[in-house]
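Worksheet: one structure, shown below.
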């Protein structure tokens, strides 16, 4: 049997011992685990950023992977701890929206349980670190085949933070900045199919705040000169504004959540 | 047989090739190793910080794990290279205190050897990188079952840096700041049992330098308003001063090693 | 059969989902992979830095390892995607020099192929992320034993960026700064054997820009007082300028690529 993958997405950073403690607990239950870090550099307490990162990476993993996401400012309070099963894939984390983008698109085969069975979490539960005390052991027990039903009761009505959607009016596509990556690529929430009128090599007009720019709609970063801005469809099929061999977000002083309006240039 | 875990704790950072070279050497000896990074972001040369991080994480790992810790400003000089066995767990690193907190509490079954056998380290030893040339191969050979006796002679009198202890006088508990984590949680060296008089929901008085604060003694971060300071017992049973969804260390301008005085408020 | 090692060297950073997506694709093809991160903190677009880091670490890995290096500002353009086989070791990445230092020294048994077989890469190839869409699947298929010939045609004339070489004139050794590590150690491109006249404990004169220094040629960092500068042979056999328990690069304001002139002091 192939070794099962367990992924981790947190805002814990890599200096502190916290991530290692989660891995230690998982390996104590399932010594064959292949543990993959998706990111531990999520901005502290930024549930939306973790949700975006997890949703980007999760589809590339084997279908029977187990994804653990812990950005959890409400740890120790009444917020629920949940497991979501979608097909053969499990997701576990706090019920605060951190899993919502990864599980959002279709829900046909989704099962959700609240974690309540004290035998499947650590014996001494802190009020400050459920990543180690709750979600890590749950991932380990899921990986060795403990059935979903044993973890707790079925629930519905998950917390769903409202992430803004894309609208179109008068030929304008209105979206927002979903993520700025480490290269300074400004990733919008506008999917490729919304831009079906725009052809490679044409220009698009992008309005951010009071700044309006006509950008070449490229197939690759290097189609414009070094230091030039461009628009293209990034590796997750979203419209991106980038600077060739530079950092568009710095140049444009852009942050996540800002509104973006896109029109085909004439 | 379950795959054996080898952990790494260093001040090498993640940009340079050094950590990968240690892993390469380990995998060359024991290809089945599950290598877990505890931290490579220890402040350069900060033996005490590495000792704290290792001591926090080590207890959560499987009992037969092998822990390698390399913060080693004296590399290439007369400081000893050691292996400590405590129960089924091995620790290896320079004899400069980096292992001391992890092995400190009880010593009933502790065995210590100096690494001297040239057949169990790399053939060409640099004077600057014993993490790769000495401690990585030692971890690999321990993992495949080479008996402790073969590595070198038994020794005693390990280097024990004096970490300050907690004292109580006139109802005051005097300790110090042991660690500041990435969330800005200010972790003291005062264990939960020292605070047996303090009940959840009560206030404690915390004095740091000339600043005296009355803080709510909470069970979870989210029991006070966003941005408020609080006291609580953290996930390693130490008293912590935190700011809900903020960074207490920044607000309070606190650093590791500072004195802290705790009294029950009246 | 021992599990095969696949290493990753990129400028992707650890916050974004990109590294995890590469690992996901590899594990989907070869679930037994031992994936080792060499570095993801290469300066963005800095091909030379990635080349140096990969060349430093690669020799320590098992002979049948597969090394993936992706610093790829020309992604999506005409630059080739290649596989290099040298002995039992495979290297894959863009043909822009990122592999050049690792494969440089001897080429007796080197085979090079351009990646063209669409069945051995992902079905939908982005123009912005060949790390995930091309090089990760190639590494996975190499690991499970797909023969090199199946990936594409043999090619020659790899891109070879000119890294400067070391010269000697009038008893002076002229080289350059190859790398500055996280400790601030200033690593030159001058190999130990060039300094055969210099003995441990003697002084060497090092000229950097307009600054000329006489430094003790040490065997270990701790042979000079804390805060003192020194010269020594580092763990990859290059001449290094270091500061004991300090950061020489900061003190000397040195950057990669600067010229260095070394003479034996009298």
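Residue numbers (the working numbering), protein chains in the order written: chain A, 1 to 266; chain B, 1001 to 1266; chain C, 2001 to 2266.
Each residue gets a CB set at the ideal place from its N, CA and C atoms; glycine is no exception.
All values reported here derive from a predicted model rather than from experimental measurement.
Going by DSSP, name the residue or residues bridged to residue i.
i: residue 1256 of chain B; result: Bridge partners of residue 1256 of chain B: none, in fact.
i: residue 1090 of chain B; result: B:1066, B:1085
i: residue 6 of chain A; result: A:35, A:66
i: residue 1324 of chain B; result: Outside the displayed range of chain B (1001 to 1266) lies residue 1324 of chain B, so it cannot be described from this structure.
i: residue 18 of chain A; result: Looking at the DSSP assignment, residue 18 of chain A forms no beta bridge with any residue, so it has no partner.
i: residue 45 of chain A; result: Residue 45 of chain A pairs with nothing; no bridge assigned.
i: residue 239 of chain A; result: A:233
i: residue 2179 of chain C; result: C:2187
i: residue 1223 of chain B; result: Note: residue 1223 of chain B sits in no beta bridge, so no partner.
i: residue 111 of chain A; result: A:85
If you compare alpha carbons, which of the options is closest to residue i?
i: residue 140 of chain A; options: A:189, A:98, A:90, A:125; result: A:90
i: residue 279 of chain A; options: A:255, A:253, A:204; result: Here chain A has residues from 1 to 266 only, and residue 279 of chain A is not among them.
i: residue 193 of chain A; options: A:153, A:236, A:157; result: A:236
i: residue 132 of chain A; options: A:257, A:12, A:43, A:42; result: A:12
i: residue 177 of chain A; options: A:187, A:243, A:171, A:169; result: A:187
i: residue 2126 of chain C; options: A:118, A:25, A:218; result: A:218
i: residue 2249 of chain C; options: C:2179, C:2088, C:2004, C:2212; result: C:2179
i: residue 1251 of chain B; options: B:1228, B:1263, B:1128, B:1239; result: B:1228
i: residue 242 of chain A; options: A:183, A:46, A:155; result: A:183
i: residue 2112 of chain C; options: C:2056, C:2262, C:2151; result: C:2151
i: residue 1216 of chain B; options: B:1084, B:1031, B:1095, B:1200; result: B:1200
i: residue 1008 of chain B; options: B:1092, B:1073, B:1247, B:1173; result: B:1092
i: residue 1037 of chain B; options: B:1043, B:1028, B:1020; result: B:1020
i: residue 26 of chain A; options: B:1039, B:1135, B:1027, B:1060; result: B:1060
i: residue 71 of chain A; options: A:94, A:238, A:147, A:55; result: A:94
i: residue 134 of chain A; options: A:142, A:120, A:147; result: A:120
i: residue 2207 of chain C; options: C:2222, C:2196, C:2258, C:2002; result: C:2258
i: residue 1044 of chain B; options: B:1062, B:1073, B:1031, B:1181; result: B:1073
i: residue 1255 of chain B; options: B:1209, B:1147, B:1054; result: B:1209
i: residue 1031 of chain B; options: B:1062, B:1088, B:1136, B:1233; result: B:1136
i: residue 2278 of chain C; options: C:2069, C:2148, C:2244, C:2035; result: Outside the displayed span of chain C (2001 to 2266) sits residue 2278 of chain C, for which this structure offers no information.
i: residue 75 of chain A; options: B:1260, B:1056, B:1232, B:1046; result: B:1232
i: residue 1234 of chain B; options: B:1083, B:1056, B:1148, B:1096; result: B:1056
i: residue 2088 of chain C; options: C:2147, C:2096, C:2080; result: C:2147
i: residue 2117 of chain C; options: C:2054, C:2142, C:2028, C:2100; result: C:2142
i: residue 181 of chain A; options: A:247, A:4, A:169; result: A:247
i: residue 2047 of chain C; options: C:2096, C:2128, C:2223, C:2175; result: C:2096
i: residue 1028 of chain B; options: C:2175, C:2262, C:2003; result: C:2003
In or out: residue i buried (at least 16 other Cβ within 10 Å) or exposed?
i: residue 2225 of chain C; result: exposed
i: residue 2144 of chain C; result: exposed
i: residue 50 of chain A; result: buried
i: residue 78 of chain A; result: exposed
i: residue 1017 of chain B; result: buried
i: residue 1086 of chain B; result: buried
i: residue 2022 of chain C; result: buried
i: residue 160 of chain A; result: exposed
i: residue 1164 of chain B; result: exposed
i: residue 196 of chain A; result: exposed
i: residue 171 of chain A; result: exposed
i: residue 240 of chain A; result: buried
i: residue 2162 of chain C; result: exposed
i: residue 156 of chain A; result: exposed
i: residue 1185 of chain B; result: buried
Is residue i helix, strand or coil by DSSP?
i: residue 1132 of chain B; result: helix
i: residue 2099 of chain C; result: coil
i: residue 1141 of chain B; result: helix
i: residue 57 of chain A; result: helix
i: residue 2216 of chain C; result: strand
i: residue 193 of chain A; result: helix
i: residue 2116 of chain C; result: coil
i: residue 2148 of chain C; result: helix
i: residue 2171 of chain C; result: coil
Report the CB separation of residue i from residue j in whole angstroms; it is logged as a contact under 8 Å.
i: residue 1098 of chain B; j: residue 1115 of chain B; result: The pair is not a contact, with the Cβ atoms about 14 Å apart (cut-off 8 Å).
i: residue 2102 of chain C; j: residue 2130 of chain C; result: Actually they do not touch by this definition, with Cβ atoms about 19 Å apart.
i: residue 2238 of chain C; j: residue 2190 of chain C; result: 6 Å
i: residue 2039 of chain C; j: residue 1014 of chain B; result: 7 Å
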